[in-house]
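So in numbering that gives the first Met the number 0, the last spot in the sequence shown is 502, and the numbers never skip.
Yeah, the Cβ is synthetic: ideal placement off N, Cα and C, and Gly gets one too.
What follows is a set of notes on a single structure, which appears directly below.
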Amino acid sequence: MSESNSVPSIRIRAVNEQPVRQGGSFVLYWMIASRRLEWNFGLQWAVEQARDLGLPLVILEALRVGYPWASDRLHRFVLDGMAEHARRLEDSKVLYHPYVEPEEGAGKGLLAALAESAAVVVTDDYPAFFLPRMVQAAGQQLKVRLEAVDSNGLLPLRAADKTFSRAFDFRRYLQKELPQHLGAFPRPYPLQGQALEALESLPKKVLERWPAAGEDLLAGSEGALAKLPIDHSVPVAPARGGAEAARETLERFLEERLDRYGEGRNHPDDDAASELSPYLHFGHLSAHQTFVEVMEREGWNPSKLGHSTSGSRTGWWGTGESTESFLDELITWREVGFNMCWRTDEYDRYESLPDWALRTLEEHAGDERPYVYTLQEWERAETHDELWNAAQRQLVLTGRMHNYLRMLWGKKILHWSESPRAALDIMIELNNKYALDGRDPNSYSGIFWVLGRYDRAWGPEREVFGKIRYMTSKSTRSKLKLKEYLRRWGPEGEAAERQQSLF
């Protein structure tokens, strides 16, 4: 886990065939997914380019208003990180430009205007949501070289030459291939110790048309958010965004929860979940940093890796049971989703399900459902099921949902929707609208797992589900510690009143 002095070539992708511009005034890092100043291959590559070319570095971090599911919740979480970057870079030689679109389409032309003066543009390679289309369109438009850098996970996106349909097979692949990538990690502090040139200001015409966001907007104040054309019905989440909040959450997990993770993560009342997924999703936290800090706590080194490539979930890392369990979530389950999104544009389509799942769902599409709820009833937690409603309230009010209950949440949507396709649409809508970690490859993995992705056929064959894995609230309540969870999020708790006020 040594520092890398340069970015592995497998992580750098030329988006267009334009050359590096001779006589450019600066190197531009267009920060769109890895929204952090540490452990970031994209920023590291931009710094190295600026250093080698003897040019200043400009960081553009922009926030659109027209993206799907744009809301006070998602905007505020991103703005927290932008405000932190503005503070930290204020007295540095790096010129940071935080731009927040005041109305849809207002930011059009900003990247191209900055690129006119850039020697090269570097951005983040992220395989989901609208970002791949946005980067591809930028590559066609810009008259200067655009490079996308993969800083998503421990395994580079381009390392695997196949799409994995089972987590078991992907785990086996990781056990064979991942060791060669464990020595090529991003520098923890890519800006530290770099003698970069300084740029006093962006061109006046750029600043006049696309001014940097002011303190009030970066603070995500209620008044500033209210002026933006985004969904104001989704309230700001209690959790704050940004790298500082991400580090605090990681430290709390390491100190208070990791030892209990293996046994306690499935029990809502044990409060052993990491709560890191929103920060990983928005790029406020690196998977590399998370891995390093977990392993340093374990006193681990690569010599402890197992030699078996059997795909076993335990034993290969050579750590304690709770750490092995966490690493399987952080690496296997998270990155198998990135593999799917990177290799297919159909990752969010019903037709992308395995053939066996499509077949059994179609065979049972006409089965009578015991209940059928509308999207509005689902959203408002108006089902007959107390536990399902509690999970939905937690999602709506906090942007989070307990991991195990998210599986049940999805299975019951499948069970009580008019068709499997309708169930998928409902899951995507609710998850992407309310979840801080929605719109992410890992999030899509969880949704599609409900319908059979990364799973196998199960028996006995049942109404509605067919051979899809079955779950019930009754069995969940018998397995899990839920007393405190239901007290907090159930129909008699304060959360129910707060949730009702939103609708």
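Per-residue DSSP class, three states only, for A456
In the structure shown, A456 falls within a coil segment according to DSSP collapsed to helix, strand and coil.
Between Q174 and G261, is the Cβ-Cβ spacing less than 9 Å?
At a Cβ-Cβ threshold of 9 Å, Q174 and G261 do not count as neighbours.
According to DSSP, which residues form a beta bridge with V119?
Looking at the DSSP assignment, V119 forms a beta bridge with V26.
I58 and M30 - do their beta-carbons sit closer together than 9 Å?
Yes.
Could you compute how far the alpha carbon of L429 sits from the alpha carbon of C340?
When rounded, the separation of the alpha-carbon atoms in L429 and C340 is 20 Å.
Thinking C-alpha only, which one of D79, A49, R468 is nearest E243?
Among D79, A49, R468, the Cα nearest to that of E243 is on D79.
Let's see if you can read the secondary structure: which residues bound the alpha helix (DSSP H) around H74?
Start and end: 71-88.
Taking the continuous alpha helix (DSSP H) assigned at V335, which residues delimit it?
Judged by DSSP secondary structure, V335 falls within the alpha helix (DSSP H) whose first and last residues are 333-342.
What does DSSP give as the partner residue(s) for D230 in the beta ladder?
Per DSSP, S70.
3-residue-minimum beta strand (DSSP E) runs that sit fully inside the segment 246-310, ordered along the chain:
Entirely contained in the segment 246-310, not one beta strand (DSSP E) run reaches 3 residues.
Between N388 and P267, what straight-line distance do the alpha-carbon atoms span, to the nearest angstrom?
Distance between the alpha carbons of N388 and P267: 15 Å.
Per DSSP, cross-strand counterpart(s) of L62
Partner(s): V99.
Considering just the uninterrupted stretch of the beta strand (DSSP E) at V148, what are its terminal residues?
Unbroken beta strand (DSSP E) run through V148: 145-148.
Return the bridge partner residues of V57 from the DSSP annotation.
According to DSSP, which records beta bridges pairwise, V57 is partnered with L27, L94.
To the nearest angstrom, how far is it from the Cα of F184 to the Cα of L501?
F184 and L501: Cα-Cα distance of roughly 44 Å.
Same chain, Cβ closer than 8 Å to R405, neighbours up to 5 away in sequence not counted
Only residues of its own chain outside the window of five on either side were considered, and among them A390, G445 have a CB closer than 8 Å to the CB of R405, listed in chain order.
How would you call A494, buried or exposed, if buried means at least 16 neighbouring beta carbons within 10 angstroms?
With 16 or more Cβ atoms within 10 Å of its Cβ, A494 is classed as buried.
Say whether the segment 373-381 touches the segment 416-429, bearing in mind that this needs 3 or more beta-carbon pairs closer than 8 Å, one atom from each stretch.
Put simply, the segment 373-381 touches the segment 416-429. At least three CB pairs are less than 8 Å apart.
Keeping to the same chain, check which residues put their C-beta closer than 6 Å to that of Y349; ignore five residues upstream and five downstream.
Close CB contacts of Y349 within its chain, under the 6 Å cut and outside five residues either way in sequence, are with R420, L423 (chain order).
Would you kindly report the start and end of the unbroken beta strand (DSSP E) that includes R12?
Start and end: 11-13.
On the CB-based measure, 16 or more other CB atoms within 10 Å of its CB, does S1 come out buried or exposed?
Caution is warranted here: a pLDDT of 41 is assigned to S1, below 50, making its placement in the model unreliable, and the coordinate value is therefore given only provisionally. With fewer than 16 neighbouring CB atoms inside 10 Å of its own CB, S1 falls in the exposed class.
Is it the case that the segment 138-148 contacts the segment 156-175, given that we only count it when at least three CB pairs across the two stretches are under 8 Å?
Flag = no, the segment 156-175 and the segment 138-148 do not touch.
Using a Cβ-Cβ cut-off of 8 Å (strictly less than) and excluding sequence neighbours within five positions of R486, which residues of its own chain qualify?
Cβ neighbours of R486 beyond the five flanking positions: G492.
With H, G and I counted as helix, E and B as strand and the rest as coil, what does DSSP make of G465?
Here G465 sits in strand by DSSP.
Per-residue DSSP class, three states only, for E483
In the three-state scheme derived from DSSP, where H, G and I count as helix and E and B as strand, E483 is classed as helix.
Quick check on DSSP: helix, strand or coil for F128?
If DSSP states are grouped into helix, strand and coil, F128 belongs with coil.
For R165, the three-state DSSP class (helix, strand or coil)
Strand, per DSSP.
Tell me the rounded alpha-carbon separation between A197 and R87.
Cα to Cα, A197 sits roughly 16 Å from R87.
In the structure shown, what three-state DSSP assignment does E385 receive?
For E385, the three-state secondary structure derived from DSSP is helix.
In the structure shown, what three-state DSSP assignment does F184 receive?
Of the three classes helix, strand and coil, the one that applies to F184 here is strand, per DSSP.
Cβ shell of R20 (< 6 Å), same chain only, five flanking positions each side left out
Excluding five sequence positions before and after R20, the CB atoms of its chain that fall closer than 6 Å to its own CB belong to A118, V143, given in chain order.
Considering only DSSP beta bridges, list what E196 is partnered with.
Per DSSP, P55.
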